[in-house]
Amino acid sequence: MAKRGTKAYEQEIVWVFYGINPTKKRVERVSQQRNGVLSKMNDDAVFVTHYVMPGRKAETEIVIVFGLTDVFGVPVSSADSEWVKKQVAELEAKARAT
20 MAKRGTKAYE
30 QEIVWVFYGI
40 NPTKKRVERV
50 SQQRNGVLSK
60 MNDDAVFVTH
70 YVMPGRKAET
80 EIVIVFGLTD
90 VFGVPVSSAD
100 SEWVKKQVAE
110 LEAKARAT
C-alpha cells in the first residue's frame, strides 16, 4: 500500500465494478481509484477514464458513461472471492441470453 498523501496512494485502485455491455453481450470490468477516477480498457487496449464528481455514485456514472447494465461493485480486496466469481458467471450467462 502506498503512503497516504502521495500520488500513488490517490491512484490506488480500491473498488472493482462489473457490468454487462449490452451491445457486445459480455461482462466488462471498471476500476475505481481512491481519488474517484473510473477506468476501463477498451477493445483497442486504450484506457478510458472518467472522474466521479463528489456526491455521485460510481455505479450511476458507469451506467451513463460506459453504457453498462446490471452493475455491481466490490472492494478490490474481494475481487477474487468465490462470491464475486459466481456473480460474474451469472452476469455472463445473462449477457449471452440477451
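All residue numbers for the sequence shown refer to my numbering, where the first residue is 20 and numbers rise by one.
C-beta: ideal position from N, C-alpha, C; glycine also.
Remember, predicted model here, so these are calculated numbers, not experimental data.
Three-state secondary structure assigned by DSSP to residue i
{"i": "K26", "result": "helix"}
{"i": "L87", "result": "coil"}
{"i": "T42", "result": "coil"}
{"i": "E31", "result": "coil"}
{"i": "S50", "result": "strand"}
Beta carbon of residue i nearer than 8 Å to that of residue j
{"i": "T42", "j": "L57", "result": "no"}
{"i": "A77", "j": "F36", "result": "yes"}
{"i": "L87", "j": "N40", "result": "yes"}
{"i": "K22", "j": "R115", "result": "no"}
{"i": "V33", "j": "F85", "result": "no"}
Enclosing beta strand (DSSP E) for residue i [first to last residue]
{"i": "T68", "result": "F66 to Y70"}
{"i": "K59", "result": "V56 to M60"}
Best match in the options for proximity to residue i [C-alpha to C-alpha]
{"i": "E31", "options": "E80, V95, T117 and I81", "result": "V95"}
{"i": "T25", "options": "N54, K113 and R48", "result": "N54"}
{"i": "N61", "options": "Y70, M72, G74 and E47", "result": "E47"}
{"i": "K59", "options": "G74, G38 and R75", "result": "G38"}
Expected contact under 8 Å - CB spacing of residue i and residue j to nearest Å
{"i": "I83", "j": "V90", "result": "At roughly 11 Å, the Cβ-Cβ gap does not stay under 8 Å, so I83 and V90 are not in contact."}
Chain D contact for residue i (CB, 8 Å cutoff)
{"i": "R48", "result": "Among the protein chains of the structure shown there is no chain D, as only one such chain exists."}
Residue i, enclosing alpha helix (DSSP H) - first and last residue
{"i": "A77", "result": "A77 to E80"}
{"i": "V103", "result": "E101 to A116"}
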